[in-house]
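Under mature numbering (1 follows the signal peptide of the UniProt record, and there is no 0), residues -20 to -1, 1 to 701 are what the sequence shown spells out, in order.
Following: one structure in structure tokens, then a few remarks.
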Amino acid sequence: MNWWPSSTSVLLVLVSFACGQRDTGQQSGSPEPPTVSAVADRIPRTEISLQAGGGAFNSPGFPDDYPNNTNIRWQIEASIDYCIRLTFDQFDVEKSEINPNCPWDYVAVYDRDVTTNGDVLIGKFCGTTPPGPITSATKTLSVEFVSDSTVRQTGFSATFHAVTSCVGGPDPPRSPRCSDVPDEFYNYCKDLGYQKTIGPNMFGQTVNEVLGSQQWSEMKEANPSCHPHLRPFLCPLLMPRCHITINSTRGARIQKQLPCRSWCEEVKSSCPSVFANGSSFESMNCNLLTSSDCVNLEPHEDCYYGRGQNYKGMTTLPEESGSTCLKWTSFLSVGLIAKFNWADPRENYCRNFALGNTEEPFCLVKTVANAEELIAMEPCGLKPCNAIGCGVPPDVTFGSRSPVKNFYLPGEKVFITCNRGYLLETDEDIRITCTQNGTWSKTDIRCSADYSLQLSHVLLDAERYSSRLPPSTGHVNVTFEAAVVEIIDADEKNEHMFGSMAFRLRWRDSRLFWTPAKYGGVTQLVMTTENVWIPNIYLMRNGDAKFSKFPSAPVIVTSDGEVEWDIIDLLTTTCDLDPRLFPFDSMTCPVCLGATTSVERFNCPDPQDDRYPPEAMTYIEHFMKCGDQTEEVVDQWNAKWKVTVEGGVFGQGCISVTFDRIPTYHSCTTLSPVIILSILMCITFTLPIDKYLIGRSCVLWCHDLAVHGGVSGLHHGGSAG
């Protein structure tokens, strides 16, 4: 990005010619003072010197109207032994219908008297008919343009060349002025599409002289790799187009049209070697060309060649690019607009004025640097002609694209984002890609209304809903269901149970009611416990000092206002164990949720209510209701759990787990070894002495069996318990 200077001084040399009807009252070759009108004497004169060679100039502001009160004099000097041929291409200067001597606005052409060194009037012109070519008799020719304080018209444009045939005064009339282009022209210039040419050209050559010139030879040999339109640009330089227009009042009008200046700026900057020192085109000066009524080529698409000085499209920065192109006239002075008029600074369209290192069309944007608002030059990122790539990505209905540029190379991606309250209609990729053939991977991208999000904003609007307030001024009925997910440890020694437990709480919140038909048929929403009111509950008989509350979790809200909260957590709860009846004892571990306020009232769900959400939020297949009971063998226990609810103020909902010890387990592992050992000891003491050794060996073997078996059983039982 280039910063636009805060102040720019521009020296504009406005070169202008005016031509019209010759003053029949003035004799050609008669001495004449520098001015031929009282109007000119009242207006300060601007003197401009030009050298021939060759060149072009025009009235101030051409092709727009020239200003009032103008007095400009151009003095054209040629080398010794040369004189000057002047040709008016376009002409429109105020003319009096009564006085034929051009008393108001006019163009006067002077030759130089070599004896007195004074001016000799060749002719004074006004009106709309261009004078014929004029050739000086000396190496000096002067042109004066004067306008008064009233009417303004478009003025004139003219060209001049140094010639060796010095006839002096207007050239003899030539008919016809237009001639057919030679056949060789089509071999190199057929893209221009015109059949008539007119001389002299930019280098003072006639049509017949062009084909034998050094410029024509260099044009044929020029390498167009630097710019594809190099030859089409050089062609009208050498053979200008003869453009004829027919007007019902003015008749036929013939114009000599050279290449447009913007085309010249673009080709010359792209192909500097063609115009380098030693080239016959070295003297080519783009400033001598006009920006209207000229020859140009329009690209077949909205793209640019070279550095884009000849780009005349109507593209700006895309709306979603983050920057907005500003109107040129809003920030450029009148002088700068006039200076860069050749680049067509219309509206806020991207252009290249060939400033510094600007390599492509740009526009002016507002930016901020160091807390100061500045105007900067922002490249427009237009497509280079003949490049393969994609244009601006397709629009996204109810969505946006990023980044947004005017041109993308193959492989570049654009991310799609739906507007707030909208979702992609299908599970599409959120990116689109510019493919190798220069098309987008997807073109029909739509975001549809996210009714769930819209609905959640409506329901939870702070003006109508507060999660800190209960849904009723009285009490709130909370149905309780529960399930045992997994019993991880039943610790009879510490009388604790550790396991994964699940609870399902349901209540109705009338503030969360809606009509599905108004919201795309949405019948349920998923919110969180932080968004809506939830019962104030706590874990009773909590055995974990680190546990304080249940974590945030999703809740399901249905269109009739019912809220469902599934709680799944790893919990430690205390148990009640009476070991006196071992091994016929039991351990009870109630896992209960209690209410901390008088608002919540636990109750059992309706036995006839078998409703479950269409999309379950948990993996629990079945929650138990009041009175439901399930049992399962857990190590040395027969585990049974049952759901109970205690209603009323500060009620509770519980799933009680009862562990009944399996007696046979401990009979085999704990009691049986002791009984066997006692029997063996009795046998040992009652055997006769002669049977003692045999009996002793048997007893020891049984003893080992009993003792080791018993210890093993006790260890196993303790681990299980």
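Just so it is clear, CB atoms sit at the ideal spot from N, CA and C, and this is done for glycine as well.
Just tell me which of the options has its CA closest to the CA of residue i.
{"i": "Cys274", "options": "Ile547, Thr309, Arg221", "result": "Arg221"}
{"i": "Arg22", "options": "Tyr46, Val314, Val126, Ile536", "result": "Val126"}
{"i": "Gln434", "options": "Ile425, Phe387, Pro496", "result": "Pro496"}
{"i": "Pro40", "options": "Gly501, Ala482, Asn48", "result": "Asn48"}
{"i": "Ser436", "options": "Arg491, Leu404, Arg233, Asp471", "result": "Arg491"}
{"i": "Tyr46", "options": "Pro451, Thr130, Ala463", "result": "Thr130"}
{"i": "Ala619", "options": "Gln609, Gly628, Ser259, Thr453", "result": "Gln609"}
{"i": "Ala36", "options": "Asp99, Phe71, His141, Asn81", "result": "His141"}
{"i": "Phe387", "options": "Phe255, Thr134, Thr296", "result": "Thr296"}
{"i": "Arg157", "options": "Met199, Pro563, Phe68, Asn79", "result": "Phe68"}
{"i": "Arg381", "options": "Thr304, Asn583, Phe395", "result": "Phe395"}
{"i": "Val629", "options": "Phe333, Val537, Thr577", "result": "Thr577"}
{"i": "Val438", "options": "Cys414, Glu392, Lys498, Glu300", "result": "Lys498"}
{"i": "Thr377", "options": "Ala356, Cys360, Pro383, Asn399", "result": "Asn399"}
{"i": "Gln235", "options": "Asp375, Gly192, Ser272", "result": "Ser272"}
{"i": "Gly418", "options": "Phe460, Lys307, Asp375, Gly369", "result": "Gly369"}
{"i": "Glu580", "options": "Val537, Met182, Gly631, Glu392", "result": "Gly631"}
{"i": "Tyr431", "options": "Ser259, Lys473, Glu340, Leu505", "result": "Leu505"}
{"i": "Asp171", "options": "Thr134, Trp196, Cys215", "result": "Cys215"}
How would you write the range of the alpha helix (DSSP H) that residue i sits in, first residue to last?
{"i": "Gln195", "result": "194 to 201"}
{"i": "Lys319", "result": "314 to 319"}
{"i": "Phe311", "result": "308 to 311"}
{"i": "Ser242", "result": "241 to 250"}
{"i": "Leu404", "result": "Element bounds for Leu404: not the alpha helix (DSSP H) but the beta strand (DSSP E), 402 to 404."}
{"i": "Val87", "result": "Careful: Val87 lies outside any alpha helix (DSSP H), inside the beta strand (DSSP E) at 86 to 92."}
{"i": "Cys169", "result": "163 to 169"}
{"i": "Ser137", "result": "No alpha helix (DSSP H) holds Ser137; the beta strand (DSSP E) holding it covers 135 to 143."}
{"i": "Val190", "result": "187 to 190"}
Does the Cβ-Cβ distance between residue i and residue j come in under 8 Å?
{"i": "Val465", "j": "Ser447", "result": "no"}
{"i": "Val571", "j": "Pro515", "result": "no"}
{"i": "Leu210", "j": "Val247", "result": "yes"}
{"i": "Tyr518", "j": "Gly454", "result": "no"}
{"i": "Pro483", "j": "Ala470", "result": "Looking at the sequence provided, one finds Phe at residue 483 rather than Pro. Contact flag unset, no."}
{"i": "Pro643", "j": "Phe564", "result": "yes"}
{"i": "Leu269", "j": "Arg233", "result": "no"}
{"i": "Ala88", "j": "Ile64", "result": "no"}
{"i": "Gly192", "j": "Thr186", "result": "no"}
{"i": "Ser532", "j": "Thr508", "result": "yes"}
{"i": "Cys414", "j": "Gly379", "result": "no"}
{"i": "Cys584", "j": "Val625", "result": "yes"}
How would you label residue i, buried or exposed, when you count the other beta carbons within 10 angstroms and need 16 or more for buried?
{"i": "Asp91", "result": "buried"}
{"i": "Gln175", "result": "exposed"}
{"i": "Glu358", "result": "buried"}
{"i": "Val190", "result": "buried"}
{"i": "Leu344", "result": "buried"}
{"i": "Val94", "result": "exposed"}
{"i": "Leu561", "result": "exposed"}
{"i": "Ser658", "result": "exposed"}
{"i": "Ile317", "result": "exposed"}
{"i": "Ile468", "result": "exposed"}
{"i": "Gly607", "result": "exposed"}
{"i": "Asn350", "result": "exposed"}
{"i": "Ser301", "result": "buried"}
{"i": "Glu278", "result": "exposed"}
{"i": "Cys662", "result": "exposed"}
{"i": "Pro85", "result": "The sequence shown places Asp at residue 85, rather than the Pro named in the question. The residue in question, Asp85, is buried, as its Cβ has 16 or more Cβ neighbours within 10 Å."}
How far does the beta strand (DSSP E) with residue i in it reach, from first residue to last?
{"i": "His476", "result": "476 to 493"}
{"i": "Val625", "result": "617 to 626"}
{"i": "Asn457", "result": "456 to 471"}
{"i": "His209", "result": "Counting along the chain, His209 falls outside any beta strand (DSSP E), and DSSP gives it neither H nor E."}
{"i": "Ser432", "result": "First-last for Ser432: 431 to 439, but that is the alpha helix (DSSP H), not the beta strand (DSSP E)."}
{"i": "Met507", "result": "504 to 508"}
{"i": "Asp69", "result": "63 to 72"}
{"i": "Ala356", "result": "352 to 359"}
{"i": "Arg411", "result": "411 to 413"}
Taking only beta-carbon atoms, is residue i less than 8 Å away from chain B?
{"i": "Asn203", "result": "The structure shown has no chain B; it contains just one protein chain."}
**OP:** Kindly confirm or deny that the segment 106 to 121 and the segment 43 to 59 touch, where touching means at least three C-beta pairs closer than 8 Å.
**Re:** yes
Original post:
With a cut-off of 8 Å, do at least 3 Cβ pairs link the segment 534 to 545 to the segment 485 to 500?
Top reply: With the cut-off at 8 Å, the segment 534 to 545 and the segment 485 to 500 touch.
Subject >> the segment 362 to 372 / the segment 311 to 325 touching (three or more Cβ pairs under 8 Å) >> reply: no
Original post:
Contact between the segment 25 to 38 and the segment 102 to 111: three or more CB pairs below 8 Å?
Top reply: Judged by Cβ distances under 8 Å, the segment 25 to 38 makes no contact with the segment 102 to 111, as fewer than three pairs qualify.
Original post:
Three or more beta-carbon pairs under 8 Å between the segment 198 to 205 and the segment 285 to 301, yes or no?
Top reply: no
Original post:
Hey, is the segment 305 to 321 in contact with the segment 339 to 353, meaning 3+ C-beta pairs nearer than 8 Å?
Top reply: yes
Original post:
Can we say the segment 546 to 566 touches the segment 519 to 531, given the rule of at least three CB pairs closer than 8 Å?
Top reply: yes
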